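Shown next, in structure tokens, is the structure this report addresses.
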Amino acid sequence: MTKMHGTLVAAPERAAVMRTLIERVMLARAAGDVEAVLAELNEDIHYEVMGQIAGQPISPVIRGRVALRSHFKGLFERWVWNGMTVRNIVIGVDNAAVETTGTMIHTVSNQRFQTDFCAMLGFRDGKISTIREYCDSFTIVRIAGLAM
């Protein structure tokens, strides 16, 4: 553990392992490979997308790999991330922020759009234990045709 500008960061070896895991997850997500993504997550994963539609969460909080598998299957069918690239990864002791940019595709409407999003990840026992995603919820809701 190292202190940098008042923030605790992982030792270089640990940071390298975390970065490699993040890169595997992002590549699997871009490929639409649900099982490869799930393999890198703790059994009791906590997943949520930050944002609201008319005062309601854009997505339910999901706990556990089994529940997340079902959610991701539908999500990966409706959204394609293969045009997204990682802009930046910031790694702390047991967490990381991943900033991405690029083009997403909504498969139902076949609409493509330029976007950025950030995922805040927590780590435990060598796997990802929490995912909190921040995205352009207004554009996603508009393209997906969800009520506002």
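Each residue of the sequence shown is one higher than the last, beginning at 313 in this note's numbering.
By construction, the Cβ of each residue, glycine as well, lies at the ideal position given by its N, Cα and C atoms.
Please read all numbers here as calculations on a predicted model, not as lab measurements.
Check for me: the beta strand (DSSP E) holding residue i runs from which residue to which?
i, result
"I334", "No beta strand (DSSP E) contains I334, which is instead part of the alpha helix (DSSP H) from P324 to A343."
"V346", "Counting along the chain, V346 falls outside any beta strand (DSSP E), though it belongs to the alpha helix (DSSP H) covering V346 to L350."
"D437", "Segment: none, D437 is in no beta strand (DSSP E) and carries neither H nor E."
Could you spell out where the alpha helix (DSSP H) holding residue i opens and where it closes?
i, result
"S382", "R377 to R390"
Using the DSSP secondary-structure output, state which residues sit across from residue i in a beta bridge.
i, result
"A431", "V410 and E445"
"P369", "Q364"
"F425", "M416"
"T397", "T413"
"A374", "The sequence shown places Ile at residue 374, rather than the Ala named in the question. According to DSSP, I374 bridges with Y359."
Tell whether a beta-carbon distance below 7 Å holds between residue i and residue j.
i, j, result
"L353", "R377", "yes"
"I401", "R331", "yes"
"I370", "G363", "yes"
"V373", "E360", "yes"
"R399", "L350", "no"
"A340", "W393", "no"
"V405", "A322", "yes"
"A408", "L433", "yes"
* Asked: For the 8 Å Cβ check, are there 3 or more pairs between the segment 425-437 and the segment 399-415?
  -> Short answer: they touch.
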